[in-house]
Each structure stands twice: as structure tokens, then as C-alpha cells.
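Numbering (the numbering used here), first residue to last: 32 to 290. Backbone N, C-alpha and C fix where the C-beta goes; we use that ideal spot for every residue, glycine too. All of these numbers come straight from a predicted model, not from anything done at the bench.
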Ligand code: SAH
């Protein structure tokens, strides 16, 4: 560059100015990589790279060990399941708003619940609470058949369209109250409820196959919730508490049914 080879006083002054300019730019652009404001505008965030970081740090780094789950979550484009304005946050470990006062769970929680289902690849799975459809997409990488029910018709429709567009046509979405399950398609080897409820809805228990696993946040509205795994062994319920959680409450019949 001729500015560097020049030896005149004036040029040296320019050189100094240029150096200050370049240094400021470097500092500013370094800041832009980490500043939340810049990330919110979607600048410099490569989804595949961000996803890999999420899998390593937030999932593997926090104890998710199941390789199939880690692999599934490194494939599903979470940023395409959240509203456009929140895409830059899609690979941060936190829940995000998906409209209709509902949220997509944080990636760690999706991974933990999926891991607890112990899927081998040949199962029939039911999800209650489709939301964005992200969790269903993850499940479809790990099981043979995935059915999902969403009580809010607008969310069910959006999730159905999105899943189709992203190549998850095999996921079956139904608009309705998941409390009643999907009897014609059952029994299910695994059931995942992604909204909290004070007890296991009876119809879902009936649709769980022998040795099946049901994972859900258990707790009455406004009360502390526990993530639990319920198993059906010899027709009887075995329950394991996993960790404290906070989910949106399940709506519909569960609110009216007896405690
Ligand atoms: N699994 C979702 C997030 C779920 S948030 C995802 O991956 O994005 C919980 C969802 O459960 C909300 O969309 C809410 O509308 C839905 N929901 C609440 N009660 C329900 C019910 N009785 N049946 C089906 N869906 C229900």
C-alpha cells in the first residue's frame, strides 16, 4: 500500500490517522460480534455455527449425553421455527415468544425432555402442545411416527405449514385438546406434554403402551412444577422426578376435570 511506503511528514500524519481509523473499526466490529443489539439485527450470526455452539455448550456442556438427541438438535433449524424478529436469539439457551402468549422451550429443556423419552427409532410418539412445531421436528429425527396436538388453531396451522415447508411432512399435526390424546393413532410408546398440568391426563395414560414413557411438567397452575418421567410397568404407574421447571399451563379439559 503506497500510504505505508511514503516517507513525507504529511503522509506520516495520514498514516497515523488511518491507523487510528482502522483500530477503531476493529474494536467496533469486535463489539458488534458480541453486542446483543447487533445480534438482534441478525448481523454476523451464522445459523449453522450458532447451532453447533448451542449443541456443544448448552446441551453437551450441561449434561445431555444421548448422541442421537445431540445429532437431531444439530440438524433442526430452530431459527426457522421462531418469529423472524427473534431469529438472532434462536440458538441462545432460553425460551422465546412464539405469539398467542406461548413460548418455544429453551433448547436445553427440549433436549432433556427428548432424552428422557429414550427413543430408539422405531417408536410412535405423541406430543401435546405443538407450539412452533420445533420439538416435533426434533422428535421426528428420533422416532418412526410423530403425532402432535395443539389447542390453539392459529398455532397448529402455522406449525403445520412450517413443518411441511421445512421437509417434516411426516409429522402429523392436529388442532384440538391434547387432554384427550389421539385415540385412533394410539397406543404410543412415548408421550411428551409440553405444558404443565396438575396430574397425568387419564386418556393419555390409557393411550400409553406397556413399558411406555410419558414426560411432562407436573404441577398446579401457580405452584412449583417438577419435570417428571412416568412409566407404565405391568399396567402400573412409576414416577421419577427429574428437576424443577417452569412451563405455561395446559388449557382445556384439564382445567375443568376433577383434581
Ligand atoms: N413444544 C412447543 C412449545 C410448547 S409451549 C415448541 O416446540 O414450540 C406449550 C403449548 O401447549 C402452547 O402452544 C399451548 O397452546 C399448548 N397447549 C396448552 N394446552 C394444550 C392442550 N390442552 N392441548 C394441546 N396443546 C395445548
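Inset, instruction - Answer with yes or no whether the minimum CB distance from residue 192 to chain C is below 8 Å. - result: Judged by its chain identifiers, the structure shown contains no chain C, having just a single protein chain.
Legend entry - Local Cβ density within 10 Å of residue 118, reported as buried at 16 or more and exposed below that: Residue 118 comes out buried.
Inset, instruction - Thinking residue 177 and residue 158 are a contact (beta carbons under 8 Å), I'd like their distance in whole angstroms, please. - result: Between residue 158 and residue 177 the Cβ distance is about 7 Å, and since that is below 8 Å, they are a contact.
Legend entry - Buried versus exposed, by CB contacts within 10 Å (16 or more), residue 274: Label assigned to residue 274: exposed.
Legend entry - Opposing strand residues paired with residue 178 [DSSP bridges]: Note: residue 178 sits in a beta bridge opposite 157 and 203.
Legend entry - Segments of 3+ residues assigned as beta strand (DSSP E) that fall wholly inside the segment 246 to 290: If we require 3 residues or more, the beta strand (DSSP E) runs fully inside the segment 246 to 290 come out as 256 to 264 and 267 to 276.
Legend entry - Three or more C-beta pairs below 8 Å linking the segment 183 to 197 and the segment 222 to 238: Short answer: they don't touch.
Inset, instruction - Run the proximity test for residue 124: is its beta-carbon closer than 7 Å to any non-hydrogen atom belonging to the ligand SAH? - result: Checking every heavy atom of the ligand SAH against the Cβ of residue 124, none is found closer than 7 Å.
Inset, instruction - Give the straight-line distance between the Cα atoms of residue 83 and residue 221, rounded to the nearest whole angstrom. - result: CA-CA distance, residue 83 to residue 221, rounds to 27 Å.
Legend entry - Inter-residue spacing [alpha-carbon to alpha-carbon] between residue 312 and residue 111: Missing from the structure shown is residue 312; the chain here goes from 32 to 290 and no further.
Legend entry - Three-state class that DSSP yields for residue 134 in the structure shown: Here DSSP, grouped into helix, strand and coil, assigns residue 134 to strand.
Inset, instruction - Could you spell out where the beta strand (DSSP E) holding residue 221 opens and where it closes? - result: Note, residue 221: beta strand (DSSP E), 219 to 224.
Inset, instruction - State the CB to CB distance for the pair residue 267 and residue 244, rounded to an integer number of angstroms; the pair is presumed to be in contact (CB under 8 Å). - result: Wrong, their Cβ atoms sit about 14 Å apart, outside the cutoff.
Inset, instruction - Quickly, what does DSSP pair residue 244 with across the bridge? List them, please. - result: Answer by DSSP bridge pairing, in chain order: 221 and 262.
Legend entry - Alpha carbon of residue 229 to alpha carbon of residue 223, nearest angstrom: Approximately 15 Å between the Cα atoms of the pair.
Inset, instruction - Could you tell me which of 191, 139, 264 and 270 sits nearest to residue 168, measuring between CA atoms? - result: With distances taken between CA atoms, residue 168 lies nearest to 191 out of 191, 139, 264 and 270.
Inset, instruction - Tell me, to the nearest whole angstrom, how far the beta carbon of residue 271 is from that of residue 279; I am working on the premise that it is less than 8 Å. - result: Contact annotation, residue 271 with residue 279: C-beta distance approximately 23 Å; criterion of less than 8 Å not satisfied.
Legend entry - residue 210: CB within 7 Å of a non-hydrogen atom of the ligand SAH: Yes, the Cβ of residue 210 comes within 7 Å of a heavy atom of the ligand SAH.
Inset, instruction - Could you tell me whether any non-hydrogen atom of the ligand SAH is closer than 7 Å to the CB of residue 136? - result: Set against 7 Å, the gap from the CB of residue 136 to the closest heavy atom of the ligand SAH is smaller.
Inset, instruction - Return the CA-CA distance between residue 138 and residue 122, expressed in angstroms with no decimal places. - result: Residue 122 has its alpha-carbon roughly 8 Å from the corresponding atom of residue 138.
Inset, instruction - Indicate the three-state DSSP secondary structure (helix, strand or coil) for residue 121 in the structure shown. - result: Looking at residue 121 - three-state DSSP - the assignment turns out to be coil, as it is neither helix nor strand.
Inset, instruction - Closer than 6 Å by C-beta to residue 179: which residues in its own chain qualify, once you throw out the five before and the five after it? Chain order, please. - result: Here the set comprises 158, 161, 167 and 204.
Inset, instruction - Check each candidate in 239, 99 and 198 and name the one with the smallest Cα separation from residue 215. - result: Of the candidates 239, 99 and 198, the one whose C-alpha sits nearest the C-alpha of residue 215 is 239.
Inset, instruction - Give me the Cβ distance between residue 175 and residue 154, rounded to the nearest whole Å; I'm assuming they're in contact under 8 Å. - result: Indeed, because the Cβ distance is near 6 Å, the residues count as touching under 8 Å.
Legend entry - Backbone CA spacing between residue 116 and residue 193 [nearest angstrom]: If I take the Cα positions, the gap works out to 16 Å.
Legend entry - Local Cβ density within 10 Å of residue 135, reported as buried at 16 or more and exposed below that: Label assigned to residue 135: buried.
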